[in-house]
Structures are given as structure tokens and as C-alpha cells.
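Engineer: The structure that follows is given in the form of C-alpha cells.
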Amino acid sequence: MEFASFVVFVIIACTLSAVLLGISSLLGQKRKIIRENDIYESGVNAVGSASRQYDIKFYLTAILFLLFDVEIVFLLPWVLAYKDSPNHDFMLGGFIFFMAIMLVGYIFIINSKALKWEE
Amino acid sequence: MFEMMIEILIKTVVILGLPLGALPLIIHVERRGAAFMQKRLGPNRVGPFGLFQPLADVAKFMFKEEVHPAHVRPFFYTAAPMIALIVAILPLACIPVAAPFEAFGRTIFPEVFRSDMGIFFAFAASALGSYGILLAGWGSNNKYSMLGALRACAQMVSYELSLSTSVVAMIFVFSTNDIHVMVAAQQGYWFNFIPKWGFFMQPVAAMLFLVGIFAESNRLPFDLAEGESEIVAGYHLEYSSMKFALFFMAEYIHMIALSTLFIIMFFGGYNLLPGLELIADKIPLPIALFQVASLVVKIALMVWFFVWVRWTLPRFRYDKLMDLGWERLLPIGIANLIVTVLFVYFRN
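As given, the protein sequences belong to chains F and L, one line each in that order.
Mapping of the first sequence onto the numbering used here: residues 1476 to 1594, in sequence order.
Mapping of the second sequence onto the numbering used here: residues 450 to 797, in sequence order.
If you want it as C-alpha cells, here you go:
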């Protein structure tokens, strides 16, 4: 039942966006102007291609995001289990150990200037 | 079986229809609000007070020429706006608009699908938002689009961290992942006048979350994805007509979905506005109607707050933005979580 309603919702969302996308290609004005097919770079002729090298910092940000996000997601089951657990001391010990590891990693990242953008 | 299908369809249409129907109004409020703050008139020609301007815009989007440049990667170029919109709609699926109520001899849950992991699902779905943007930038095969998409993505993932830490803190405070339980826990008052809202329990988490939703929905002061002075228009530079409109709609729906989650966690969700329960008792209408009205009022205030901030704060510089996310908000979020855990531990 719940899964069925979710599937219906996704199907309706997909159809909606497909229909919206179809409308303008169906109703839209049709002209053929060659210049429109050019790469838009504020009106001047395009220089080089878009497949060039971009700053490594974007890649680093994504990788570090993955690390920290997984760490935060690991906290979710802990957070939900804390209240019903019989031994709160043990739970707190685990939490502090986990956070200490996370903190060491965080300090290392900040000290190695992996996320500094200037210069 | 037939009844079930009808119920699913009605829920889907209502939950999709509310934000989509409110969209033109929100866009109008945003433009008139901008004009109001800058002592201009704003759109006031089409219909009374210019109210039909968004409809005219929709018509124009439909009849505009759809430019399909030769240099794009066709599949991703076409798929990206669709992905952006679908992903923006998805979190709405598990957001309830009222408390479960009895009707037609059974309990009806006013959300599309009932899950005891509602909050988790909503954030999982809204985190997918960066895919539409990244694919748009890469599919457009344009330097500016690519740069805009990279910047938007790096920004969204960075602020998602501090946002997640505040969500974890809230889940810890309520020790539930179920939206209905979370909202029920925020009923009632302290000292008879302060509502038991999450905001008063976790103000730091609320602030982190608020900054996070501005960054996630790419709104000013965090709209680095569209920094016109450096990268023209960002990831949707090569898009025209309805394809552009889909990105536009996706941004606003994402904003509405995140505001609703903010209200659910920090401002009592569909709980009645303070003082409204006195009136609601006297009027013989179902309580669910008052709950929907309260939620809509709260979301409307939140949207007005977005407009207000947009025309008050200037845009950040990119390196400052990343520093703020990684070196200020993330440590504050983690410290807030640790303090919350220690507080709960030592109180018992």
C-alpha cells in the first residue's frame, strides 16, 4: 500500500515534468537561425572547449563531503537507539570515541589547507 | 482496492497541487516584494495588482522557441531539467499536512506515503538536488555552465554537512524519525505561553538549518551558482523556454519543501498557531482544516522571510562562502551535537 502510493507519486511527478517539457517543444515558435546554435559566451565567439581542467578544490570538496556525510549518517542509528538502550554509559563512550576520530580527521583537513580557496 | 486507489490519487493530487498552485503566487509575492523594498512598482499591469503576471509568464514560456544548441550533450541536456523538477518534488511525498484523522471508518494519514523514517527520506530526496544542477552544467557543454554547476554543487554539499548535523541533533532531541511523532512532541506550552517548539529547544540547530536551506536552495545571499558578474547565468545558461522554467520551478519547490521541513522540526509543523486552539474549539469544523491552515500560514511567513533576506543581504565571495561552511558552521554543528548529547546524558 505505502509502496504503491510512492510509485504512483513518482510516476505522476515524472509525467508532469515530461508533459511540461513537451509543451514548449510542441507549441513553441520554430525558427532556424544558425547563430543560435553557437556556444553562448556573452555574444563573442567561443574560446576553447568546455572540457578543460577545473580547479582540483571542487573534487576535494566532494570527496571530503562524502567522508563527513557518511560519518554523520553513521550517527543516525546511534541517535535513534540512545533513548531505549539499557547502558547509557557505554553508548556515550562509543559516541565520544567516534567523535574524537572525526575531530582528528577534521583538524588534519583544516591544517593541510585542503579547503582554502584564496591564493 | 478501488477505494485505495482513489485515496492515493486524491492525496497525490492535493500534495502536488498545493505547492504547484501556490508557485505563481509565490513568484508574484517575490517580485512585488522586491519592488516594495526598492521603492518601485513591480509587475502591476496584468490583472488586478498584476496578479495575473505569473500566468502570462507561463503562457510566454510555453510559446517561446526552444533553442536546442548543436554543441550540447543531448540526453543529459534534456534530462537535467526533468531530474531537477522530479527531485525537488520527491521530498513532498512524506510530508504530512495535518495530523492523522478518522474518516470513512478508518484512520487517514494526510501524506502521500506513511513512513516511520519520514525525516530521513525527505533529506535523502532533497540531497539529490545537486544531480539536476551538475548534469545541466555538464550537459550544456559550456564553460560558464560547467563552472556554475561546479560551484553550485560544491556549495550545496558543503552546507549539507552543517544542515545534517542540526538534523541529527533534532532527531536526538525527539528520539524519533517519524514526522507525526516529532510534531506531536511539539504540542503544548511552557509556562502557558511559550510554545514547545524545537526552535526553543535547539536555537543553534535552528540557525544552522536556516542558513543551510538558503544555501541548499541557491538563494541569495548564497546564489553563487548564478553570479552574473563572473559566470553570466550559471548552470542554466544554455536553457530556454520551458526547460528554463523547469529549473525555476524546481528551485522554488525545493525552497518550499525545505521550509516545510524547517517548520516541522523547529516551528511545530502542522500544530495550530499559538492561540488558534481557543478559536478552533468554538467552531464546528474538523481540526484537520485548522492544521492545514496553520501549516500554510507558517510556510507563507517562511517564504516571505526568503524574499526579505534576498533583498537585504549582499552576495558572498566564493572563498568566504566555503570558509563559512567548512570552518564555522560545521564545527558549530558538531559542537552543538556533542553539547546536546552531554546535556541529555548528565540530566538523567
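No residue lacks a Cβ here, since even glycine has one placed at the ideal position from N, Cα and C.
Remember, predicted model here, so these are calculated numbers, not experimental data.
Which residue from S575/L, I713/L, G586/L, G491/L puts its Cα closest to that of Y1529/F?
Structural biologist: For the purposes of this step, residue 1529/F is taken as the residue at position 54 of the first sequence. Among S575/L, I713/L, G586/L, G491/L, the Cα nearest to that of Y1529/F belongs to G586/L.
Engineer: Indicate whether G701/L and I476/L have their beta-carbon atoms separated by less than 8 Å.
Structural biologist: Within the second sequence, the letter at position 252 stands for residue 701/L. Within the second sequence, the letter at position 27 stands for residue 476/L. Correcting the residue identity first, residue 701/L is Tyr in this sequence and not Gly. Yes, the Cβ-Cβ distance between Y701/L and I476/L is below 8 Å.
Engineer: Measuring alpha carbon to alpha carbon, tell me which residue in R796/L, L738/L, L778/L, S690/L is nearest A508/L.
Structural biologist: On the second sequence, position 59 is the one that residue 508/L refers to. If we check each option's Cα against that of A508/L, S690/L comes out closest.
Engineer: If I measure Cβ to Cβ from L744/L and keep anything under 8 Å in the same chain, skipping five residues before and after, which residues do I get?
Structural biologist: The count along the second sequence starts at 1 and reaches residue 744/L at position 295. Within the same chain, L744/L has close Cβ partners V546, A547, T709, I712, G718, Y719.
Engineer: How about V536/L and A505/L: do their beta carbons lie closer than 8 Å?
Structural biologist: Position 87 of the second sequence, counting from 1, holds the residue named residue 536/L. Position 56 of the second sequence, counting from 1, holds the residue named residue 505/L. No. Outside cutoff.
Engineer: Rounded to a whole number of angstroms, what is the C-alpha to C-alpha distance between L1590/F and A1537/F?
Structural biologist: Counted from its first residue, the first sequence places residue 1590/F at position 115. Counted from its first residue, the first sequence places residue 1537/F at position 62. Taking the straight line joining both Cα atoms gives about 11 Å.
Engineer: Using a C-beta to C-beta distance shorter than 8 Å, which residues of chain L count as neighbours of I1582/F?
Structural biologist: Walking along the first sequence from the start, residue 1582/F turns up at place 107. Those do not exist, as I1582/F stays about 10 Å from chain L at its closest Cβ, beyond 8 Å.
Engineer: Name, in chain order, the residues that DSSP records as bridge partners for I643/L.
Structural biologist: Counting from 1 along the second sequence, the entry for residue 643/L is found at position 194. BP columns for I643/L point to W639/L.
Engineer: Determine the closest residue to G482/L out of G782/L, E776/L, L721/L, T761/L, with distance taken between C-alpha atoms.
Structural biologist: For the purposes of this step, residue 482/L is taken as the residue at position 33 of the second sequence. Taking only the C-alpha atoms, the option nearest G482/L is T761/L.
Engineer: For a contact meaning CB atoms closer than 9 Å, what does F1484/F contact in chain L?
Structural biologist: To locate residue 1484/F, count along the first sequence from 1; it is residue 9. Within chain L, the residues near F1484/F are I457, K460, T461, I464, L465, I538, L539, L541, A542, V561, F562.
Engineer: Verify whether the separation of the beta carbon atoms of G562/L and C543/L is less than 8 Å.
Structural biologist: The residue given as residue 562/L occupies position 113 in the second sequence. The residue given as residue 543/L occupies position 94 in the second sequence. For the record, residue 562/L in the displayed sequence is Phe; it is not Gly. In contact: F562/L and C543/L (Cβ atoms closer than 8 Å).
Engineer: Let's test the definition: count the other Cβ atoms within 10 Å of the Cβ of H1563/F and tell me whether it reaches 16, buried, or not, exposed.
Structural biologist: Looking up residue 1563/F in the first sequence gives position 88. That one is exposed.
Engineer: Is there contact here, the region 771-785 of chain L with the region 653-661 of chain L, by at least three beta-carbon pairs under 8 Å?
Structural biologist: Because the criterion of three Cβ pairs below 8 Å is met, the region 771-785 of chain L and the region 653-661 of chain L touch.
Engineer: Helix, strand or coil: how does DSSP classify I1514/F here?
Structural biologist: Numbered from 1 along the first sequence, position 39 holds the residue referred to as residue 1514/F. Looking at I1514/F - three-state DSSP - the assignment turns out to be coil, as it is neither helix nor strand.
Engineer: Buried or exposed: which applies to E1593/F, given that a residue is buried once 16 or more other Cβ atoms fall within 10 Å of its Cβ?
Structural biologist: Indexing the first sequence from 1 puts residue 1593/F at position 118. Exposed, since its Cβ has fewer than 16 Cβ neighbours within 10 Å.
Engineer: Could you tell me which of A682/L, M595/L, D672/L, L725/L sits nearest to F642/L, measuring between CA atoms?
Structural biologist: Position 193 of the second sequence holds residue 642/L. The candidate whose alpha carbon is nearest that of F642/L is L725/L.
Engineer: Quickly, what does DSSP pair R555/L with across the bridge? List them, please.
Structural biologist: Along the second sequence, one-based indexing puts residue 555/L at 106. According to DSSP, which records beta bridges pairwise, R555/L is partnered with A552/L.
Engineer: Would you call the region 520-529 of chain L and the region 576-591 of chain L touching, i.e. three or more CB-CB distances under 8 Å?
Structural biologist: By the Cβ criterion, the region 520-529 of chain L is in contact with the region 576-591 of chain L, since at least three pairs of Cβ atoms, one from each stretch, lie closer than 8 Å.
Engineer: Kindly indicate if chain L contains any beta-carbon less than 8 Å away from that of Q1528/F.
Structural biologist: For the purposes of this step, residue 1528/F is taken as the residue at position 53 of the first sequence. So, not an interface residue.
Engineer: Strictly under 8 Å for the Cβ-Cβ distance: is I1585/F near chain L by that measure?
Structural biologist: For the purposes of this step, residue 1585/F is identified with residue 110 of the first sequence, where counting begins at 1. By this cut-off, I1585/F is an interface position.
Engineer: How many angstroms separate the CA atom of L1542/F from the CA atom of L465/L?
Structural biologist: Within the first sequence, residue 1542/F is the residue found at index 67, counting from 1. Within the second sequence, residue 465/L is the residue found at index 16, counting from 1. So the two alpha carbons sit approximately 34 Å from each other.
Engineer: Could you tell me if Q487/L is buried or exposed, where buried requires 16 or more neighbouring beta carbons within 10 angstroms of its beta carbon?
Structural biologist: Here residue 487/L refers to the residue found at position 38 of the second sequence. Q487/L sits exposed, since fewer than 16 C-beta atoms from the chains shown fall within 10 Å of its C-beta.
Engineer: Take F697/L as the anchor and find which of F795/L, F451/L, F510/L, W639/L has the nearest alpha-carbon.
Structural biologist: What you label residue 697/L is simply residue 248 of the second sequence in a count that begins at 1. By alpha-carbon distance to F697/L, the top candidate from F795/L, F451/L, F510/L, W639/L is F510/L.
Engineer: Contact check, I1514/F vs H520/L under 8 Å by CB: the rounded distance?
Structural biologist: For the purposes of this step, residue 1514/F is identified with residue 39 of the first sequence, where counting begins at 1. For the purposes of this step, residue 520/L is identified with residue 71 of the second sequence, where counting begins at 1. About 5 Å separates the two Cβ atoms, so the contact holds.
Engineer: Can you tell me which of L599/L, G774/L, A694/L, F765/L puts its alpha carbon nearest to the alpha carbon of L1496/F?
Structural biologist: Along the first sequence, one-based indexing puts residue 1496/F at 21. Out of L599/L, G774/L, A694/L, F765/L, A694/L has the C-alpha closest to the C-alpha of L1496/F.
Engineer: Name the residue from S1499/F, T1490/F, W1553/F whose alpha carbon lies nearest to the alpha carbon of G1568/F.
Structural biologist: Working through the first sequence from its first residue, we reach residue 1568/F at position 93. Of the candidates S1499/F, T1490/F, W1553/F, the one whose C-alpha sits nearest the C-alpha of G1568/F is W1553/F.
Engineer: Just to check my reading of the structure: N626/L and M714/L have Cβ atoms closer than 8 Å, yes? What is that Cβ distance to the nearest angstrom?
Structural biologist: Reading the second sequence from its first residue, position 177 is the one you call residue 626/L. Reading the second sequence from its first residue, position 265 is the one you call residue 714/L. Actually they do not touch by this definition, with Cβ atoms about 11 Å apart.
Engineer: Since I believe F658/L is in contact with S615/L (beta carbons under 8 Å), could you give me their beta-carbon distance rounded to a whole number of angstroms?
Structural biologist: To locate residue 615/L, count along the second sequence from 1; it is residue 166. To locate residue 658/L, count along the second sequence from 1; it is residue 209. Between F658/L and S615/L the Cβ distance is about 5 Å, and since that is below 8 Å, they are a contact.
Engineer: In angstroms with no decimal places, state the Cα-to-Cα distance between G581/L and L686/L.
Structural biologist: Working through the second sequence from its first residue, we reach residue 581/L at position 132. Working through the second sequence from its first residue, we reach residue 686/L at position 237. Computed Cα separation, rounded: 14 Å.
Engineer: W760/L lies in the alpha helix (DSSP H); which residues open and close that run?
Structural biologist: By 1-based counting over the second sequence, the position of residue 760/L is 311. Where W760/L is concerned, there is no enclosing alpha helix (DSSP H), given that its DSSP letter is neither H nor E.
Engineer: So the alpha helix (DSSP H) D1564/F belongs to, where does it begin and stop?
Structural biologist: Residue 1564/F sits at position 89 when you count from the first residue of the first sequence. Here the alpha helix (DSSP H) through D1564/F covers 1563-1586.
Engineer: Say whether chain F places a C-beta atom closer than 8 Å to the C-beta of T614/L.
Structural biologist: Here residue 614/L refers to the residue found at position 165 of the second sequence. Nearest CB-CB separation between T614/L and chain F: below the 8 Å threshold.
Engineer: What span of residues does the alpha helix (DSSP H) with H703/L cover, start to end?
Structural biologist: On the second sequence, position 254 is the one that residue 703/L refers to. First-last of the alpha helix (DSSP H) with H703/L: 690-715.
Engineer: Can you tell which of L584/L, L721/L, E456/L has its C-alpha closest to the C-alpha of A532/L?
Structural biologist: Working through the second sequence from its first residue, we reach residue 532/L at position 83. The question names Ala, yet the displayed sequence has Ile at residue 532/L. It is L584/L.
Engineer: Excluding the five sequence neighbours on either side, which residues of its own chain have a C-beta within less than 8 Å of the C-beta of F798/L, listed in chain order?
Structural biologist: For chain L, the structure presents residues 450 to 797; residue 798/L sits outside this window and is missing.
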